[in-house]
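These notes concern the structure reproduced below.
In our numbering, the protein residues as written are 572 to 700.
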């Protein structure tokens, strides 16, 4: 085991600042209206920085995206006076993004995405807010 495995990663509190402004504009639009329709098909490309295995993706951007979409989903649900549940989020634009990341990414991207969810929502659930 690596000694570093016991050290929790630092969380950036202003994670939305790590999302490029042009991408954030399309992200916010997709979360509200599911437009532009090309958003999901271009999502993986927007997260890629290289074609070199092990270095394909902008990890900070994936982490910021997962945090941002997750917090926006919670605000959306609470805005409708619901409590988070499968039925309240299953067919939302937020889940569209998470499902797309889980299905459309290659092994490396899927690993980074799921690792981020595992850390944020299971290991450090209080870091979400």
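Yeah, the Cβ is synthetic: ideal placement off N, Cα and C, and Gly gets one too.
Given the structure is predicted, the values throughout are model-derived calculations rather than measurements.
Contact between the region 626-642 and the region 588-595 is established, with three or more Cβ pairs separated by less than 8 Å. Between the beta-carbon of residue 644 and that of residue 660 there is about 6 Å, and that keeps the pair under the 8 Å contact cut. With respect to residue 640, residue 594 sits apart: the two C-beta atoms are not nearer than 8 Å. About 5 Å separates the Cβ atoms of residue 611 and residue 671, confirming a contact at the 8 Å cut-off.
The shortest C-alpha to C-alpha distance from residue 603 to any of 665, 652 and 620 is the one to 665.
The straight-line gap separating the alpha-carbon atoms of residue 656 and residue 621 is approximately 37 Å.
In its chain, beyond the 5 residues on either side, 659 have a beta carbon closer than 8 Å to the beta carbon of residue 653.
Considering only 609, 625, 631 and 608, the residue with the shortest C-alpha distance to residue 679 is 625.
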